[in-house]
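In full-length UniProt numbering, the protein residues as written are 1 to 329.
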């Protein structure tokens with residue numbers, strides 16, 4: 001089965017980081033398989049994040065999936081679908097008997113259909129979809145997601161000529177169908193340059209987790225003026241770039257406070273604050289509590305629900321590599 005090879009955590013990320021390594025000629029990078037195929041870290045009970053996209057189709061099991069501090073319990077009688085985006089922090093809580101299929105792929109897999117990045121981000125914001133059961137039962141779903149996943153699995157296993165383009169097409173259909181489900185929200189396909197700039201800003205903000213310290217820095221990366229960026233984003237989203245930037249920095253601070261052992265001052269520097277005192281004032285203004293109180297409350301809540309590993313340790317700082325080349329037949 002697929003293994004993950006321990007390595008050294010890059011200094012750029014204090015959280016456990018999982019990478020996807022696929023050897024040529026299997027390009028673009030893509031892998032899929034069951035929870036068992038990807039090994040114990042497919043059910044990782046410690047906060048970590050990926051450098052790749054992960055689509056999770058769950059058909060059975062118990063426990064909960066926590067993504068960016070939001071806990072989503074499993075319904076053992078219904079299939080579920082979620083998308084974990086690069087940079088999001090997630091883990092499984094009290095997971096047992098997990099069954100289903102994982103789809104893992106990098107940015108290169110989306111080059112032929114760049115619009116799918118926006119669909120993935122829309123599903124990543126929704127995080128967790130409970131799928132309607134098929135009338136015939138049997139653990140399948142009425143949305144047809146399971147049949148699509150099985151077709152992708154057969155295509156991936158056969159690797160016939162042109163299989164990569166077939167997988168890309170299947171993924172697009174899967175995303176479109178998932179966004180038709182109740183509770184999902186398809187991105188607004190508003191036309192025009194302003195809407196496109198706003199979409200690019202949103203994707204860039206998610207990819208950089210608010211690391212740029214000013215709206216001006218993002219405007220420069222997008223090749224527009226600050227005034228135009230403000231107007232485009234406000235017109236499209238109803239919020240200013242500054243508001244979205246503050247939300248992104250707050251979310252990344254929450255991720256680091258709950259998923260790493262960094263001190264508050266180190267977290268402040270990671271999210272662009274040279275002065276820890278100013279960061280504490282910023283965090284309290286955005287959340288209503290201090291960084292220290294937020295960390296303590298999160299730790300208490302997690303201790304009340306999570307099952308620790310054999311050493312009682314959740315903050316295992318490591319990089320894992322997913323390498324399908326190691327999968328036995």
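Backbone N, C-alpha and C fix where the C-beta goes; we use that ideal spot for every residue, glycine too. In this text, all values refer to a predicted model and were calculated from it rather than measured experimentally.
Residue range of the alpha helix (DSSP H) that includes residue i
i           : result
residue 79  : It is not in any alpha helix (DSSP H) - residue 79 carries neither H nor E in the DSSP assignment.
residue 246 : 241 to 259
residue 222 : 215 to 222
residue 156 : 145 to 158
residue 212 : Run containing residue 212: none; DSSP gives neither H nor E here.
residue 235 : 226 to 237
residue 289 : Taken as a continuous stretch (DSSP letters only), residue 289 belongs to no alpha helix (DSSP H), as it is neither H nor E.
residue 123 : 116 to 126
residue 165 : 163 to 179
Own chain residues within Cβ distance below 6 Å of residue i, not counting five before or after
i           : result
residue 95  : 43, 63
residue 194 : 232, 235
Whole-angstrom C-beta distance between residue j and residue i, which should lie under 8 Å
i           : j           : result
residue 39  : residue 102 : Not confirmed; about 11 Å, so no contact.
residue 82  : residue 129 : 7 Å
residue 60  : residue 73  : Between residue 73 and residue 60 the Cβ distance is about 14 Å, and since that is not below 8 Å, they are no contact.
residue 171 : residue 116 : 7 Å
residue 84  : residue 125 : Their Cβ separation, rounded to whole angstroms, is 12 Å, which puts residue 84 and residue 125 out of contact at 8 Å.
Alpha carbon of residue i to alpha carbon of residue j, nearest angstrom
i           : j           : result
residue 71  : residue 302 : 10 Å
residue 167 : residue 132 : 24 Å
residue 30  : residue 127 : 21 Å
residue 307 : residue 91  : Note on residue 307: pLDDT 49, under 50, position unreliable in the model; no value is reported.
residue 219 : residue 111 : 24 Å
residue 295 : residue 47  : 14 Å
residue 158 : residue 151 : 11 Å
residue 118 : residue 216 : 23 Å
residue 28  : residue 104 : 11 Å
residue 123 : residue 181 : 11 Å
residue 36  : residue 100 : 9 Å
residue 179 : residue 277 : 42 Å
residue 237 : residue 174 : 26 Å
residue 375 : residue 233 : Outside the modelled stretch of the chain, which goes from 1 to 329, sits residue 375, for which no answer is possible.
residue 149 : residue 274 : 47 Å
residue 69  : residue 255 : 8 Å
residue 211 : residue 153 : 37 Å
residue 67  : residue 88  : 7 Å
residue 162 : residue 93  : 39 Å
Cβ neighbours of residue i in the same chain (closer than 7 Å, five flanking residues each side left out)
i           : result
residue 144 : 177
residue 80  : 58, 74, 128, 129, 130, 131
Spatial neighbours of residue i in its chain, beta-carbon cut-off 8 Å, leaving aside the 5 residues before and after
i           : result
residue 213 : 272
residue 97  : 60, 61, 62
Span of the beta strand (DSSP E) around residue i
i           : result
residue 46  : From DSSP, residue 46 is part of no beta strand (DSSP E); its letter is neither H nor E.
residue 90  : 90 to 105
residue 273 : Residue 273 -> no beta strand (DSSP E), and no H or E assigned at all.
residue 62  : 53 to 67
residue 70  : 70 to 73
residue 34  : 30 to 34
residue 19  : 17 to 20
Original post:
Taking one C-beta from the stretch 127 to 147 and one from the stretch 197 to 212 each time, how about it: are there three or more such pairs within less than 8 Å?
Top reply: No: fewer than three Cβ pairs fall under 8 Å.
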